[in-house]
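These notes concern the structure reproduced below.
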Amino acid sequence: MKKQRPVNLELNTIKFPPSAISSILHRVTGVAMFFALLFVIWAWAVSVHSPEGFADVQAIMDGFFGKFVAIGTASALTYHILGGLRHVVMDLGHWEELESGNTSAKAVIALWVVLTVVLGVALW
Amino acid sequence: MVTNQASIKRDGVQDYVSLRATAAIIFAYSVFMAWFFITTDNLTFIEWRGLFSGLAMKVFTLAALVAVMIHVRIGLWQVLTDYVKSAGLRAGLQYILNIIAFGYVAVGLFVLWGV
């Protein structure tokens with residue numbers, strides 16, 4: 001193809017549609033949770049093993065690192081569940097058009113932000 | 001056809017169903033644990049250990065961990081196959097990540113065994 005085609009180099013006019021952002025968030029939160037499980041399963045194993053281990057994990061969960069990981073993991077799980085439920089609705093044949101798909105993506109992202117704020121306030 | 005039936009080869013439909021079936025278990029487990037944390041004030045070691053000492057909870061926890069292993073086997077492959085173009089590197093990464101996923105199940109099994 002040697003056709004003269006228009007080139008758009010104005011990067012600030014190019015952006016992902018909401019459905020694409022929803023898709024990448026689903027992937028990012030999924031991969032993030034896979035690695036967060038290293039901490040979650042370690043904390044679980046240590047905390048059920050002995051009273052000393054339980055106290056150690058409790059101390060970590062009271063510190064910045066523990067709270068950051070806990071809120072981050074819970075937030076990622078929340079998004080992944082919301083995105084997953086959106087996928088189930090799409091499996092059933094709804095929200096598959098351009099407009100409805102973008103609307104549901106925006107709704108899921110908005111709901112996730114609200115729930116993350118609630119989670120953050122509750123867990124901090 | 002014969003080789004297809006003789007090998008443990010996956011296909012798209014199988015991945016699709018496995019992904020959703022395991023998601024349902026992980027979702028149920030997440031809701032249960034969230035409910036436990038919300039309804040429990042000042043969690044003690046006795047309560048925490050007691051939660052995992054019941055046989056039903058051991059089965060539920062192990063089922064959730066096995067579900068995670070199957071779910072990430074498909075999910076991480078979907079992500080890697082899009083972003084890592086080198087087949088050798090991708091195979092290596094998948095090998096390591098799937099061993100970690102198996103490790104989660106194994107750790108879970110032995111922890112539950114001792115509780």
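So the protein lines, in turn, are chains E and G.
Each residue of the first sequence is one higher than the last, beginning at 1 in the UniProt record's numbering.
Each residue of the second sequence is one higher than the last, beginning at 1 in the UniProt record's numbering.
All C-beta atoms in this analysis are idealised placements derived from N, C-alpha and C, irrespective of residue type, glycine included.
query: Chain-ordered residues of the region 26 to 40 of chain E with a beta carbon less than 7 Å from chain G; result: 27, 30, 31, 34 and 37
query: DSSP state of residue 97 of chain E mapped onto helix, strand, coil; result: coil
query: Euclidean distance between Cα positions of residue 59 of chain E and residue 52 of chain E; result: 11 Å
query: Chain-ordered residues of the region 13 to 40 of chain G with a beta carbon less than 8 Å from chain E; result: 20, 23, 27 and 30
query: Cβ distance (whole Å) where residue 115 of chain G is taken to contact residue 46 of chain E below 8 Å; result: Contact flag wrong, Cβ pair sits at about 12 Å.
query: Amino acids of chain G, ordered along the chain, whose beta-carbon sits closer than 8 Å to that of residue 81 of chain E; result: 27 and 30
query: Span separating the alpha-carbon of residue 106 of chain E from that of residue 43 of chain G; result: 37 Å
query: Residue 45 of chain G: contacting residues in chain E (beta-carbon distance under 7 Å); result: 51 and 54
query: Residue 104 of chain G: contacting residues in chain E (beta-carbon distance under 7 Å); result: 37 and 41
query: Touch test, the region 67 to 84 of chain E against the region 108 to 119 of chain E, Cβ-Cβ under 8 Å, three pairs minimum; result: yes
query: Close-in-space but distant-in-sequence residues of the same chain around residue 56 of chain E (CB under 7 Å, 5 per side omitted); result: 46
query: Collapsed DSSP secondary structure at residue 49 of chain G in the structure displayed; result: helix
query: Cut-off 6 Å between Cβ atoms - residues of its own chain near residue 122 of chain E, not counting five sequence neighbours on either side; result: none
query: Chain-ordered chain G contacts of residue 45 of chain E [CB-CB under 7 Å]; result: 107 and 111
query: Minimum Cβ-Cβ distance from residue 114 of chain G to chain E less than 9 Å; result: yes
query: Residue range of the unbroken alpha helix (DSSP H) whose run includes residue 52 of chain E; result: 51 to 62
query: Closer than 9 Å to chain G by CB, residue 108 of chain E; result: no
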